[in-house]
């Protein structure tokens, strides 16, 4: 009978990143800058991939998908945090909370699958370079991306359904800056054994291990192929083309490990909040940052677009603009 007092939870109160009034303004400025930098950087990647014809290949097609995922993920998680700072309203409806849980998990799963697809693309490019254009043709790339998006949003539906059925809560205050499964489980007085079992079986092994294996196995063959290359410059070039992707994979999986696979005694709510902030804020920044600093094609594309902009501003006449374009291409 006591549990019945907690069955009706019309809304939750998001505690946020910090309760200390002294930290509110600095945290708001920091979060806003992180959000603007992440969104702006990923929009820049999308612009380059869309506008520069030399980036119209499978690698940058999947990179564009990653940018869309990063923009969506950071918006889903940080929009409420920014709204709290601006309006002071910390409440979030129960359906809104479950919706946030669903989209956060769906976007995370989709990103892992896209990274696996990028690994297959690198395998085809390095191990089968002569047949690469036929293997990774636009239709194949669109099919792989569609499968990743559909599977990512389908496989987390049970998570959201089970979480939605946690009707009993000891409190409606969530010690987090957005609705996530673990903080909800902490304040739930319902039986969470089914949700824990589903997280371990489907969440860890299906959503985590399968994409990880799919990502790592192609690199076994990639490394073998690279080691067979006789020239040092050839090996360095092959490793260089994979370094950005490998860096993103390592950072993302390490962050997810710290979030969901560390022992419960060590994975306190505060540490979970810290790793969640890094996962939702820093990872979307790393995508454009890594590919901008480490990728020669992206650097060249940025220079070309800046030069094209310069031509349009300085040489408005068609004849002069075409001459300027030819000069850039040369």
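Residue numbers (this note's numbering): 87 to 416.
Every residue gets a Cβ at the ideal spot worked out from N, C-alpha and C, and that includes glycine.
Just so we're clear, the structure is a prediction, and the values are computed from it rather than from any experiment.
Stretch-stretch touch, CB-based, cutoff 8 Å, three pairs: the region 322 to 337 with the region 282 to 292
Contact fails: fewer than three Cβ-Cβ distances are below 8 Å.
Taking 7 Å as the cut-off, is the CB of residue 132 close to at least one heavy atom of the ligand ADP?
No copy of the ligand ADP occurs in the structure displayed, which carries no ligand at all.
Residues in the same chain with beta-carbon distance under 6 Å from residue 176, minus the five sequence neighbours each way, listed in chain order, please.
As a position in the chain shown, residue 176 is number 90, starting the count at 1. The beta carbon of residue 176 sits closer than 6 Å to the beta carbons of 99, 100 and 170 from its chain, once the five residues preceding and following it are set aside; these are given in chain order.
Ordered along the chain, which non-local residues of its own chain (more than five positions away) have a Cβ less than 6 Å from that of residue 140?
As a first step, residue 140 is located in the chain shown; it is residue number 54 there, counting from the start. So no residue of the chain qualifies.
Can you give me the Cβ contacts of residue 128 inside the same chain, cut-off strictly under 7 Å, excluding the 5 residues immediately before and after it?
Taking the first residue of the chain shown as 1, we reach residue 128 at position 42. Taken in chain order, the residues that qualify are 153, 156, 157, 370, 373 and 374.
Pull up the DSSP beta-bridge partners for residue 260, would you.
Indexing the chain shown from 1 puts residue 260 at position 174. Beta-bridge pairing by DSSP links residue 260 to 100.
By the DSSP assignment, the beta strand (DSSP E) with residue 366 in it spans what residues?
Position 280 of the chain shown, counted from the first residue, corresponds to residue 366. From DSSP, residue 366 is part of no beta strand (DSSP E); its letter is neither H nor E.
Ordered list of beta strand (DSSP E) runs contained in the region 132 to 165, each at least 3 residues:
Counting whole runs of 3 or more residues, the region 132 to 165 contains no beta strand (DSSP E) stretch at all.
Would the beta-carbon of residue 195 fall within 8 Å of that of residue 241?
Taking the first residue of the chain shown as position 1, residue 195 is located at position 109. Taking the first residue of the chain shown as position 1, residue 241 is located at position 155. Contact: yes.
Spatial neighbours of residue 333 in its chain, beta-carbon cut-off 7 Å, leaving aside the 5 residues before and after:
If you number the chain shown from 1, residue 333 lands on position 247. Taking residue 333 as the centre and dropping the five residues before and after it, the same chain places the C-beta of 376 closer than 7 Å to its C-beta, in chain order.
Pull the bridge partners of residue 177 from the DSSP assignment, please.
Taking the chain shown and counting its residues from 1, the one referred to as residue 177 is at position 91. Answer is 99, bridged to residue 177.
Continuous alpha helix (DSSP H) stretch holding residue 229: start and end:
Stepping through the chain shown from its first residue, residue 229 is reached at position 143. Looking at the DSSP string, the run of the alpha helix (DSSP H) that includes residue 229 is 224 to 240.
Would you kindly check if the distance between the Cβ of residue 135 and the Cβ of residue 118 is under 8 Å?
Position 32 of the chain shown holds residue 118. Position 49 of the chain shown holds residue 135. No; because the gap between Cβ atoms is not below 8 Å, this pair is not in contact.
Can you round the beta-carbon distance between residue 262 and residue 108 to whole angstroms, since I take them to be within the 8 Å contact cut?
Walking along the chain shown from the start, residue 262 turns up at place 176. Walking along the chain shown from the start, residue 108 turns up at place 22. That pair is no contact at about 21 Å.
Distance check for residue 151 and residue 322, CA to CA, integer angstroms please.
To locate residue 322, count along the chain shown from 1; it is residue 236. To locate residue 151, count along the chain shown from 1; it is residue 65. The C-alpha of residue 151 is placed about 27 Å away from the C-alpha of residue 322.
Cut-off 6 Å between Cβ atoms - residues of its own chain near residue 147, not counting five sequence neighbours on either side
Stepping through the chain shown from its first residue, residue 147 is reached at position 61. Cβ within range, chain order: 227.
Between 102, 264 and 214, which has its C-alpha nearest residue 307's C-alpha?
Within the chain shown, numbered from 1, the residue matching residue 307 stands at position 221. It is 214.
Other residues of its chain near residue 237: CB distance less than 7 Å, five sequence neighbours each side excluded
Locating residue 237 in the chain shown gives position 151, counting from the first residue. Excluding positions up to five away in sequence, the list reads 199.
By how many angstroms is the C-alpha of residue 342 removed from the C-alpha of residue 102?
Residue 102 sits at position 16 when you count from the first residue of the chain shown. Residue 342 sits at position 256 when you count from the first residue of the chain shown. The alpha-carbon atoms of residue 102 and residue 342 are separated by roughly 20 Å.
Can you tell me the Cβ-Cβ gap for residue 288 and residue 244, rounded? I've got them flagged as a contact below 8 Å.
Along the chain shown, one-based indexing puts residue 288 at 202. Along the chain shown, one-based indexing puts residue 244 at 158. Residue 288 to residue 244, Cβ: 7 Å. Contact.
Report the residue from 252, 256, 294 and 224 whose alpha carbon sits nearest the alpha carbon of residue 142.
Residue 142 sits at position 56 when you count from the first residue of the chain shown. Closest option to residue 142, Cα to Cα, is 224.
Give the DSSP-derived three-state secondary structure of residue 274 in the structure shown.
Position 188 of the chain shown, counted from the start, is the residue given in the question as residue 274. Three-state result, residue 274: strand.
Does the distance from the CB of residue 260 to the CB of residue 248 come in under 8 Å?
Mapped onto the chain shown, residue 260 falls at position 174. Mapped onto the chain shown, residue 248 falls at position 162. Cβ distance not < 8 Å, so residue 260 and residue 248 don't count as in contact.
Keeping to the same chain, check which residues put their C-beta closer than 6 Å to that of residue 202; ignore five residues upstream and five downstream.
Position 116 of the chain shown, counting from 1, holds the residue named residue 202. Contacts found: 297, 300 and 301.
I think residue 345 touches residue 365, with their Cβ atoms under 8 Å apart; what is that distance to the nearest whole Å?
Taking the chain shown and counting its residues from 1, the one referred to as residue 345 is at position 259. Taking the chain shown and counting its residues from 1, the one referred to as residue 365 is at position 279. Between residue 345 and residue 365 a beta carbon distance of about 6 Å is seen, short of the 8 Å cut, so the two are scored as contacting.
What's the C-alpha gap between residue 311 and residue 324?
Locating residue 311 in the chain shown gives position 225, counting from the first residue. Locating residue 324 in the chain shown gives position 238, counting from the first residue. C-alpha separation (whole angstroms): 9 Å.
Nearest candidate by alpha-carbon position, reference residue 239, set 385, 185 and 266
Here residue 239 is taken as the residue at index 153 of the chain shown, counted from 1. Ranking 385, 185 and 266 by Cα distance to residue 239 puts 185 first.
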